[in-house]
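Asker:
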Amino acid sequence: MTGKQRTLRSARWFEQDSIRGFAHRQRSLQMGYRREDFMGKPVVGIINTHSDLATCHQHLRQRAEDVKRGVLRAGGFPVELPTFSLGEVLVKPTTMLYRNLLAIETEELLRAHPIDAAVLLGGCDKTTPGLIMGATSADIPAVFIPAGPMMSGSFKGRAVGAGTHTKKYWDERRKGEITENDWLDLETAMTRSPGTCQTMGTASTMTCIVEAMGLALPGAASIPAVDSAHPRMAAQAGEVATRLALHGLPLSELLTEAHFNNAAVALMALGGSTNAAIHLIAMARRAGLTKYKLTDLVAAGKGVPVLADLFPHGSHMMQDFHDAGGMRALLSRVREWLDLDTIGVDGNSLRSAIEGAQVWNDEVIRPVDNPVTERPALAVVKGSLAPGGAVIKPSSASAELMKHEGRAVVFDGPADMAARIDHENISKDDVLVLRGGGPVGAPGMPEWGNLPIPKPLLEKGVKDIVRISDSRMSGTHYGTCILHVSPESAVGGPLALIETGDRIALDVESGRLDLLVDDNELSARREKWQPPEAPSRGWSALYVAHVGQAEDGCDFDFLLADGRPVQEPEIF
Ligand code: FES
Ligand code: MG
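With the first letter of the sequence shown counted as 1, position 520 gets the number 520 in the UniProt record's numbering; the numbers rise by one all the way through.
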C-alpha cells in the first residue's frame with residue numbers, strides 16, 4: 001500500500017451535485033441501501049466467476065458473502081458482479097477461447113461501474129489469468145482469492161487426482177484392464193467436493209504462482225475450498241481490498257518484471273503446467289512489460305529444481321501440499337532465486353510473506369538437494385519447425401526422449417487423429433504430429449496436445465512417444481509433448497508444411513526442434529498451401545481476427561498495454 005490516499009473514483013458517481021449524481025444516489029437508495037452505506041465509502045467490486053455450470057466454483061456464491069463481511073468490517077461498501085464463468089470441463093470447445101472474453105468483461109465491468117478496488121474470485125484454469133489480465137487493464141487495485149483445491153480423491157485406498165488419473169484409467173479401460181464397475185466408481189472417486197483440481201494442473205499452477213506474485217494473501221492458494229480457513233481468508237481479502245481502495249496501487253503499477261521472474265521460479269519449483277507460459281506472458285504484457293517473452297521466463301527459472309511432489313509429476317495432492325506448508329514453505333526453499341523485495345497487494349514484501357515459513361513434510365515439499373526430478377518444469381525449443389518457439393515440460397516427460405529423431409506421422413485435427421491413430425502402422429520411435437490446434441486454427445487452442453498413445457503400442461506396453469502440436473496440454477497430464485508450436489499451422493507456420501514420412505529432430509537440452517526437410521521442398525509445398533477457412537460470425541470471428549500466437553500470450557492485439565491511454569467513462 002502507498003502512504004498517499006487515493007481519491008475514490010466512486011465519488012464521481014455518488015457525490016456530484018448534478019442530475020446524474022442525484023440519479024446515482026436515488027437508484028442506490030432504490031436498492032434498499034442507506035446513504036451511509038455508500039457515501040464516502042470505498043466501493044469494493046467482487047468479481048465472481050460462480051455459475052451453476054462452473055464445477056470447481058460451486059462455493060463461490062457463499063464466498064462472496066464472506067468477502068462482503070470483510071469489506072463491511074473495514075468500512076467499505078461491497079458489491080458483487082457476476083461474470084462469465086469458465087468451468088474447464090463443461091465449457092466447449094475450450095475455455096481458452098473465452099479467456100480473453102473474461103478478461104475484457106472484467107476490465108469493462110470494473111471500468112463501467114463505481115468501483116474503487118476489486119476482489120477477484122476464481123481458480124479454475126483460465127479464470128485466474130482472465131481475471132488478473134482484466135483487472136490489470138482496468139487500472140484499479142485488486143486482490144485475488146483462489147477458489148482452493150477440492151478434497152483429495154481416493155479409489156480403493158489409493159490416491160487419485162482429477163485429470164491425471166482419468167487419463168491413466170482411460171488408458172487401462174482401452175486396454176480392457178479395468179471393469180465397467182470400477183470405471184463407474186471412478187466417476188465419484190476423484191472429484192468429491194467444490195474446488196479446483198487437486199493435482200498440480202493449470203488451476204493450482206496459476207493460483208500458486210499468483211500467490212508468489214503477491215496478488216493473493218500469503219498462504220491462500222493451497223487452502224482447500226471446503227476448509228473453514230477458506231471463508232476466513234476470503235473475509236480478510238475483503239478487508240485488504242477495502243484498504244487498497246484508498247491506499248493501494250493499481251495492478252498495472254504494482255506489477256514489475258521481478259514479479260514475473262518470481263512467478264517463473266514458482267512455476268519451476270511447483271513443476272507447474274505449461275499453460276502458465278501463455279498466461280504469464282499475457283499478464284506481463286497487460287502490466288506494460290511488452291517485451292517480456294518465453295525465454296525470459298525460462299531464464300528466470302533456470303536451475304530451480306522441482307520440489308513440489310504433486311501429481312502429475314509426483315505422488316501427492318494439494319491438500320498434502322497445504323499441510324506441508326504450502327507456497328510460503330515452498331518459496332522459502334527457493335528463496336535464493338527470488339527477488340524478495342517485490343511488494344504484494346497487502347503492501348508487504350515477499351520477504352515478509354514467507355518469513356518464518358517451515359516445511360512440515362519433506363516428502364511433499366522436497367529439499368533442494370533432493371528434488372522430485374532434475375528435469376525442469378518448462379523448457380523452450382526453437383528451430384525450423386518452430387521459429388517462434390514451442391514448449392515442453394521435461395519434468396513430466398520421458399528422460400530417454402529428450403533427444404530424439406523420428407519419422408513424422410501427421411494428423412489434421414482431432415477428427416483425423418481419432419479416425420486413424422489406432423489403425424496406422426506407427427512405431428514407438430515415430431513422432432506424432434497434430435496440427436490445426438492453435439489459437440487461430442481450432443480456434444482457441446484447445447488441450448489436444450496430449451495425443452493418445454496408439455492402441456497397438458499401448459498393448460505392447462509403450463507408455464510414451466514424442467508428440468508435437470500447436471495445441472496446449474492439460475496441466476494434469478504427462479508425456480513427451482511438444483506444445484504451443486509457433487507460428488501455428490493455420491497461419492502458415494512450418495507445421496502446416498510437414499508430411500507423414502518427414503524426419504523430425506528434437507533436442508531439449510540444446511533447445512532445438514527441427515524439420516529435416518530441405519528448403520526447396522518446403523518452398524514447393526508452401527506454394528500449394530491454402531489457409532483454412534476462418535469463422536465468419538460471432539465471438540469466434542472476432543477472436544481469430546485479433547488473437548496473437550502462443551509465444552505472445554494469445555492476447556488480443558487491441559487489448560495490449562502499449563501506451564494507449566485507458567479512459568475513465570464520462571459522466572454527463
Ligand atoms: Fe476446474 Fe480442473 S476443472 S480446476
Ligand atoms: Mg486443466
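Built from N, CA and C at the ideal position, the CB exists for glycine as well. The model shown is predicted, which means the values in this text are computed figures rather than measured ones.
Please state the DSSP three-state secondary structure of residue 181.
Answerer: On the sequence shown, position 181 is the one that residue 181 refers to. Three-state DSSP puts residue 181 in a helix.
Asker: Per DSSP, what kind of secondary structure is residue 48 in: helix, strand or coil?
Answerer: Position 48 of the sequence shown, counted from the first residue, corresponds to residue 48. Note: residue 48 maps to strand in three-state DSSP.
Asker: Short of 6 Å in beta carbon distance, which residues of its chain neighbour residue 449, apart from the five on each side in sequence? Order them along the chain.
Answerer: The residue you call residue 449 lines up with position 449 of the sequence shown. Contacts found: 469, 471, 472, 473, 481 and 483.
Asker: Is any non-hydrogen atom of ligand 1 found closer than 6 Å to the C-beta of residue 324, if you look at the structure I gave you?
Answerer: Within the sequence shown, the letter at position 324 stands for residue 324. False, no ligand heavy atom lies under 6 Å from that Cβ.
Asker: Whole-angstrom Cβ separation of residue 245 and residue 141, contact assumed at under 8 Å?
Answerer: For this step, residue 245 is matched to residue 245 along the sequence shown. For this step, residue 141 is matched to residue 141 along the sequence shown. That pair is a contact at about 7 Å.
Asker: For residue 497, which residues from the same chain have a beta carbon less than 7 Å from its beta carbon, with the 5 sequence-adjacent residues on both sides left out?
Answerer: Taking the first residue of the sequence shown as 1, we reach residue 497 at position 497. Once the five neighbours on either side are set aside, the close Cβ partners of residue 497 are 522, 525, 526 and 529.
Asker: Got a sec: is the Cβ-Cβ distance from residue 419 to anything in chain C below 7 Å?
Answerer: Here there is only one protein chain, and chain C is not present.
Asker: So is the beta-carbon of residue 208 under 6 Å away from any non-hydrogen atom of ligand 1?
Answerer: If you number the sequence shown from 1, residue 208 lands on position 208. Because no heavy atom of ligand 1 lies under 6 Å away, the Cβ of residue 208 does not count as near it: no.
Asker: Give, in chain order, every unbroken run of the beta strand (DSSP E) that is at least 3 residues long and sits entirely within the segment 387 to 471.
Answerer: The segment 387 to 471 contains these whole beta strand (DSSP E) runs: 403 to 412, 431 to 435 and 466 to 469.
Asker: Given a cut-off of 7 Å, decide if residue 409 and residue 391 are closer than it, judged by their beta-carbon atoms.
Answerer: If you number the sequence shown from 1, residue 391 lands on position 391. If you number the sequence shown from 1, residue 409 lands on position 409. Going by C-beta atoms, residue 391 is not nearer than 7 Å to residue 409.
Asker: What residue range is occupied by the uninterrupted alpha helix (DSSP H) comprising residue 521?
Answerer: Here residue 521 corresponds to residue number 521 of the sequence shown, with the count starting at 1. Counting along the chain, the alpha helix (DSSP H) containing residue 521 begins and ends at 519 to 528.
Asker: Determine the burial state of residue 461: buried for a count of at least 16 other Cβ atoms within 10 Å of its Cβ, exposed for fewer.
Answerer: Here residue 461 is taken as the residue at index 461 of the sequence shown, counted from 1. Exposed, by the Cβ-count rule.
Asker: Would you check whether ligand 1 has a heavy atom nearer than 6 Å to the C-beta of residue 554?
Answerer: Within the sequence shown, residue 554 is the residue found at index 554, counting from 1. Not under cutoff, so the answer is no.
Asker: Quick check: the Cα distance between residue 46 and residue 320, rounded to an integer number of angstroms?
Answerer: Translated into the one-based positions of the sequence shown, residue 46 becomes position 46. Translated into the one-based positions of the sequence shown, residue 320 becomes position 320. Computed Cα separation, rounded: 30 Å.
Asker: Should residue 463 be labelled buried (16 or more other beta-carbon atoms within 10 Å of its own) or exposed?
Answerer: Numbered from its first residue, the sequence shown carries residue 463 at position 463. Counting Cβ neighbours within 10 Å, residue 463 comes out exposed, since fewer than 16 surround it.
Asker: Report the option in 387, 428, 302 and 127 whose CA atom is closest to the CA atom of residue 101.
Answerer: To locate residue 101, count along the sequence shown from 1; it is residue 101. Considering only alpha carbons, the answer is 127.
Asker: Just checking my contact of residue 110 with residue 138 at CB under 8 Å: how many whole Å lie between their CB atoms?
Answerer: Start at 1 with the first residue of the sequence shown, and residue 110 comes out as number 110. Start at 1 with the first residue of the sequence shown, and residue 138 comes out as number 138. Their Cβ separation, rounded to whole angstroms, is 4 Å, which keeps residue 110 and residue 138 in contact under 8 Å.
Asker: Within 10 angstroms of the Cβ of residue 229, are there 16 or more other Cβ atoms? Answer buried if so, exposed if not.
Answerer: Mapped onto the sequence shown, residue 229 falls at position 229. Answer is exposed; the Cβ neighbour count stays below 16.
Asker: Of all the alpha helix (DSSP H) runs that stay within the bounds of the segment 317 to 363, which reach a length of 4 or more residues?
Answerer: Listed in chain order, the complete alpha helix (DSSP H) runs (minimum 4 residues) inside the segment 317 to 363 are 318 to 323, 326 to 333 and 350 to 354.
Asker: Between residue 163 and residue 208, is the Cβ-Cβ spacing less than 7 Å?
Answerer: The count along the sequence shown starts at 1 and reaches residue 163 at position 163. The count along the sequence shown starts at 1 and reaches residue 208 at position 208. No, the Cβ-Cβ distance between residue 163 and residue 208 is not below 7 Å.
Asker: Can we count residue 164 as close to ligand 1, meaning its CB is less than 6 Å from some heavy atom?
Answerer: Mapped onto the sequence shown, residue 164 falls at position 164. Answer for residue 164: no, Cβ out of range of ligand 1.
Asker: Looking at the structure shown, is residue 34 part of a helix, part of a strand, or coil, going by DSSP?
Answerer: Residue 34 sits at position 34 when you count from the first residue of the sequence shown. Here residue 34 sits in coil by DSSP.
Asker: Got a sec: does ligand 1 put a non-hydrogen atom nearer than 6 Å to the Cβ of residue 203?
Answerer: The count along the sequence shown starts at 1 and reaches residue 203 at position 203. Checking the Cβ of residue 203 against ligand 1 gives yes.
Asker: Under DSSP, the alpha helix (DSSP H) around residue 574 begins and ends at which residues?
Answerer: What the structure shows of the chain is the stretch from 1 to 572, and residue 574 is not part of that stretch, so it cannot be assessed.
Asker: Let's see if you can read the secondary structure: which residues bound the alpha helix (DSSP H) around residue 281?
Answerer: For this step, residue 281 is matched to residue 281 along the sequence shown. Unbroken alpha helix (DSSP H) run through residue 281: 275 to 286.
Asker: Starting from residue 484, trace the alpha helix (DSSP H) both ways and give me its first and last residue.
Answerer: Counting from 1 along the sequence shown, the entry for residue 484 is found at position 484. Run containing residue 484: none in the alpha helix (DSSP H); it sits in the beta strand (DSSP E), 481 to 486.
Asker: Is residue 537 helix, strand or coil by DSSP?
Answerer: In the sequence shown, residue 537 corresponds to position 537, counting from 1. In this structure, residue 537 counts as coil in the three-state DSSP scheme.
Asker: Identify, in the order they occur along the chain, each residue of the same chain with its Cβ nearer than 7 Å to the Cβ of residue 398, setting aside the five sequence neighbours on each side.
Answerer: Sequence index remark: in the sequence shown, residue 398 carries index 398 (1-based). Once the five neighbours on either side are set aside, the close Cβ partners of residue 398 are 464 and 480.
Asker: Under the rule that 16 or more other beta-carbon atoms within 10 Å means buried, what is residue 430, buried or exposed?
Answerer: Taking the sequence shown and counting its residues from 1, the one referred to as residue 430 is at position 430. The residue in question, residue 430, is buried, as its Cβ has 16 or more Cβ neighbours within 10 Å.
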